[in-house]
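To start, the structure itself, in structure tokens.
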Amino acid sequence: MVAWSTDNLDTSGEPTTRSVGTTANLKGKMSKRLSVVKGHFPKLVDCAHFHYDNVEFGSIELQFANEQSDASWISGSAKDLVFLVQVSCQAKTWMVRRTYEEFRTLDAHLHQCIYDRRYSQLLPLPPLSEIGDRVEIFTPLLSEYLSRLSMIVDNKLNCGPVLTWMEIDNRGNRFLLKEEASLNVPAIAAAHVIKRYTAQASDEISIEVGDILSVIDMPPKEDSNWWRGKHGFQVGFFPSECVELINEKPQSAAKIDGDPANSNAPGPPSPTSGKQTQSTNHCCMSI
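Under full-length UniProt numbering, the first residue of the sequence shown is numbered 1, with each subsequent residue one higher.
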């Protein structure tokens with residue numbers, strides 16, 4: 001891949017609000033929790049501008065999701081609106097959430113790197129200052145934009161930030177952005193479940209007594225009682241009081257079997273004794 005500078009790219013497309021799906025905005029769970037995973041995937045406007053050498057995905061279809069309606073936007077200002085876009089590629093379909101400014105960022109990348117506007121025939125997306133509070137124009141404007149873009153997308157579309165906008169890699173597979181890609185984040189601890197919890201939101205996971213979890217984010221209790229972890233292929237939040245760290249069992253439960261008289265005799269240092277004296281935020285375990 002060849003790195004390209006974005007110093008001359010108009011940054012007016014930088015989103016002023018974060019998409020609904022990002023964990024940073026959900027229920028106050030991520031106040032100081034992203035130290036481990038922050039930056040795993042950068043923000044769309046901050047990602048390095050690169051071009052793939054080879055692209056093989058055929059066609060991509062983009063359209064507004066059916067669940068979306070103007071009625072749900074009336075109460076919000078234009079800059080705060082988040083649009084649900086359905087992406088289809090290689091017989092797979094998923095949703096991405098994008099603000100209007102992120103649409104404008106997409107348009108800027110497309111016409112800086114890939115298309116001449118005379119060929120794309122994509123109308124420039126006006127700045128929000130020209131739209132004002134006329135939210136009713138978003139549906140026809142963006143629907144037409146997505147429809148036209150779907151008609152011209154092919155294997156010449158090798159701009160990294162454009163494919164990142166759609167959450168597609170150069171082979172047509174979906175990848176998750178930023179904190180959502182937590183399956184690849186290494187665990188910092190292991191825990192077993194001592195209390196059942198049923199997920200109440202899409203960013204949480206349900207856990208059963210006896211389950212073993214890989215903990216990937218573990219803030220101090222004074223900051224939050226929500227931890228984040230992996231169970232199989234599921235990643236999400238759960239209450240910290242529902243689990244017990246495996247390396248935090250009381251030492252009294254690990255007394256040496258055998259002659260009680262020898263139980264107090266000094267022995268070689270335990271390989272885990274050093275970990276028990278450290279903060280659990282710094283322990284490392286390979287799961």
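For every residue, glycine included, the Cβ atom is placed at its ideal position computed from N, Cα and C.
Contacts around Ile207, its chain only, beta-carbon distance under 6 Å, and the 5 residues preceding and following it disregarded: Val193, Tyr197, Phe238
Nonlocal neighbours in the same chain, by C-beta distance under 6 Å from Asn155, ignoring five residues either side: Val55
Sub-8 Å separation of Val85 and Met95 beta-carbons: yes
C-beta contact flag for Ala199 and Val215 at 8 Å: no
8 Å Cβ cutoff met for Val135 and Ala191: no
Contact between the stretch 49-64 and the stretch 158-171 (3+ Cβ pairs under 8 Å): yes
Under 8 Å between C-beta atoms of Thr139 and Phe64: yes
Reference Leu141; option with closest CA among Glu130, Ser88, Leu123, Leu157: Leu123
Reference Arg104; option with closest CA among Ala91, Pro126, Ser88: Pro126
Spatially closest choice to Val87 from Tyr119, Arg118, Cys113, Ser143, by CA coordinates: Ser143
Cα-Cα separation between residue 289 and Phe233, rounded to whole angstroms: Limits of the chain in this structure are 1 at one end and 287 at the other, which puts residue 289 out of reach.
Whether His231 touches Asp211 by CB criterion (8 Å): yes
Close beta carbons around Pro260, own chain, < 8 Å, minus the five adjacent residues each side: Caution applies to Pro260, whose pLDDT of 46 falls short of 50 and renders its modelled position unreliable; the model cannot decide the point.
Option nearest Val235 by Cα separation, candidates Ser224, Pro219, Ala187: Ala187
Alpha-carbon spacing of Ser252 relative to Phe175, whole angstroms: Confidence at Ser252 is low in this model, with a pLDDT of 44, below 50, so the placement of that residue is unreliable and no value is reported for it.
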